[in-house]
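Visitor: Taken in order, the sequence shown gives residues 60 to 190; the numbers are from my numbering.
For each residue, glycine too, the CB sits at the ideal point set by N, CA and C.
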Amino acid sequence: MGQIRYDNLKDRLVLTVEEPSLVDETYWHSYCEGRVDLQFVVNSGGILALKLNKVSDIFEGLNENGQIRYDEDCDTLTIGLVTSDEQLTFGADCIHMDERDHSMITLNRNGVGNLVGIEIVAVSSILNKYS
60 MGQIRYDNLK DRLVLTVEEP SLVDETYWHS YCEGRVDLQF VVNSGGILAL
110 KLNKVSDIFE GLNENGQIRY DEDCDTLTIG LVTSDEQLTF GADCIHMDER
160 DHSMITLNRN GVGNLVGIEI VAVSSILNKY S
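Here is the structure:
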């Protein structure tokens, strides 16, 4: 499972899914007006890291386009990476799970395996634990 850290000063949650090998060429791609950055391996498309920027703005409802939603009752953050028409989720890759605080981070995929979203369950617990 991934390594997580939260930087209070930069207000950034970083999840390293996997370390790149020395031969992997990687690139970063931004989503949701720069609030979400994903690092991919060029040849395989594998996800290496996820950065969630300006986390406190999300809790305060400062999300202009609605791609990032926070459900306070469930303490769940849902991030849509594609238009709502393309967001049908048929599966997910769990990249973090902690049974003690019931936290979980998943990468949601459509029927052909394309990444369509990210879900963070017990996000407040994750931020408190890794800050």
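1) Hey, how far is the Cα of ILE63 from the Cα of LEU74?
2) Report the CB separation of ARG71 from LYS110 in whole angstroms; it is logged as a contact under 8 Å.
3) Looking at the secondary structure, which residues open and close the alpha helix (DSSP H) in which LYS188 lies?
4) For ILE179 versus THR148, is the C-beta distance shorter than 8 Å?
5) Taking the C-alpha atoms as reference points, what is the distance between VAL101 and VAL82?
Guide: On the basis of the data shown:
1) Note on geometry: alpha-carbon atoms of ILE63 and LEU74 lie some 4 Å from one another.
2) Between the beta-carbon of ARG71 and that of LYS110 there is about 6 Å, and that keeps the pair under the 8 Å contact cut.
3) Element bounds for LYS188: 182-189.
4) With respect to THR148, ILE179 sits apart: the two C-beta atoms are not nearer than 8 Å.
5) Distance between the alpha carbons of VAL101 and VAL82 is about 11 Å.
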